[in-house]
């Protein structure tokens, strides 16, 4: 038990030291942001890296393990003190605990994580004596950490797909995330400002210079909260491009941001590339990071992976590497399969939608569907399904299902909606949903993921549904090495209740 704790601590400090070494430019600024003089940032940074490497080495070598654990405990308590002081003063600087690999603002979750590591270090330093005491401390810290991380999980975090949006610019033209990427296939910096923010006004002239100097390498779009007239005035005053208007500040809330000016760096795959930056200094750092050659971070990550592999007493098997590491890289973004197309793009998903009749066309029902990103199946080509502005196409996937989802069979003749391959329009007030004009169908024996197995709704609700055999989504996904589990059928009181409906994959 003590040996395992030693190796975990050694891995943590070794990885942290290498990550900080790869982030030699950002580390001094991170140290200074805790309230220390700027001139001390570089020497303290090198001292911290040295201490972490020495601690990791001491924890591995048997005679020095107790000294290493005491050193780890001292470092962790120092970190905790710095975090408490910063929070007490109303500051939440970025914690470069793992260098640029995960630079997130400090908070109570950071404190709880360090408390868990400190309890582990204390356990090693006492050579496993009083295990109940340190186990109790560790359990309390771990519980606090998990609860606080879950509390923050609603925010957009690095590595997550960035939710889309639809906002007008100062001239009234509507822009979406896809449209900004289509205009220039390069990273996107979203800068959030507000008409009542003095710090934002001071930053905008620099933003205009960034837009002018780096237009070929980085797209910078400003999302300004407040009246449209103020955004028009700002655009003219500073010569800003891509200035979008968010009068109700809904996008700021959607992305979990709480202050302006703030910025987010999004790569060309719509993945958030770094933790959101707050304040002029952090935003300038984020711009610098966005302009760095891409190979640099790759080298850093490979070095980090090598360090972890040499310190953690587990080895990834050859099969796992072949299937798990390389498998994701070859998967195509479009595959023609069984007369249809499996495409990886943004789409509308209507598998649980309850719909309403169209007031203008008896052959159409209106369904409010969710907007998703990933693999989906339809019979239109991927090019025809590609999102344009607020328009996108409804296709099929199981992306919004879970182990509670059931497939409900409706046998009475009733009206239902066929939403496969129909055009939809993103709701400008809520970009996570789209309104789809689906085809009205009247028949019996249809299937839906909606209804929660309440078959009385088969005739009282117009469900988005299908008739068997449906589209071959599951087989198409398996053709590229991805497994899909279809929802089970609703209970009927027979021995076959636990079996999924044969061949049922539908929109």
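In this note's numbering, the protein residues as written are 8 to 514.
Beta carbons are placed, not taken as given, at the ideal position from N, Cα and C, and that holds for glycine.
All figures in this text were calculated on a predicted structure; none of them were measured in a lab.
For residue 381, the enclosing beta strand (DSSP E) has its first and last residue at 371-385.
Counting the other CB atoms within 10 Å of its CB gives residue 388 a total below 16, which places it among the exposed residues.
Per the Cβ contact rule, the stretch 359-370 is in contact with the stretch 469-486 (3 or more Cβ pairs under 8 angstroms).
For residue 479, the closest of 343, 457, 398, 409 by C-alpha to C-alpha distance is 343.
Between residue 292 and residue 284, the C-beta gap is smaller than 8 angstroms, which places the two residues in contact. Note that the C-beta distance between residue 384 and residue 347 is below 8 angstroms. The alpha-carbon separation between residue 399 and residue 248 amounts to approximately 26 angstroms. Scanning its chain for C-beta atoms nearer than 7 angstroms, with the 5 sequence neighbours on each side dropped, one finds around residue 408 the residues 456, 494, in chain order.
Taking 8 angstroms as the cut-off, the beta carbon of residue 193 is found no closer than this to the beta carbon of residue 295.
Boundaries of the alpha helix (DSSP H) around residue 22: 9-29. Secondary structure of residue 186 (DSSP, three-state): helix. Here residue 452 is exposed. Its C-beta has fewer than 16 other C-beta atoms within 10 Å. Cβ-Cβ distances below 7 angstroms link residue 256 to 232 in the same chain, with the five nearest sequence neighbours on each side left out; the list follows chain order. When the alpha-carbon of residue 230 is set against those of 279, 175, 50, the nearest one is in 175. The beta carbon of residue 80 sits closer than 8 angstroms to those of 125, 128, 129, 132, all from its chain and outside the five residues before and after it, given in chain order. Counting only runs of 4+ residues, the alpha helix (DSSP H) found wholly inside the stretch 39-90 occupies 48-67, in chain order. In the same chain as residue 237, and ignoring 5 residues on each side of it, the C-beta atoms closer than 6 angstroms to its own belong to 202, in chain order. At a Cβ-Cβ threshold of 8 angstroms, residue 454 and residue 427 do not count as neighbours.
Cβ contact annotation for residue 338 (same chain, cutoff 6 angstroms, sequence separation greater than five): 487, in chain order.
Within the model, the alpha-carbon separation for residue 185 versus residue 449 is close to 36 angstroms.
Cα atoms of residue 20 and residue 117: separation of roughly 15 angstroms, rounded to the nearest angstrom.
Contact check for residue 382 against residue 271 fails: the beta carbons are separated by 8 angstroms or more.
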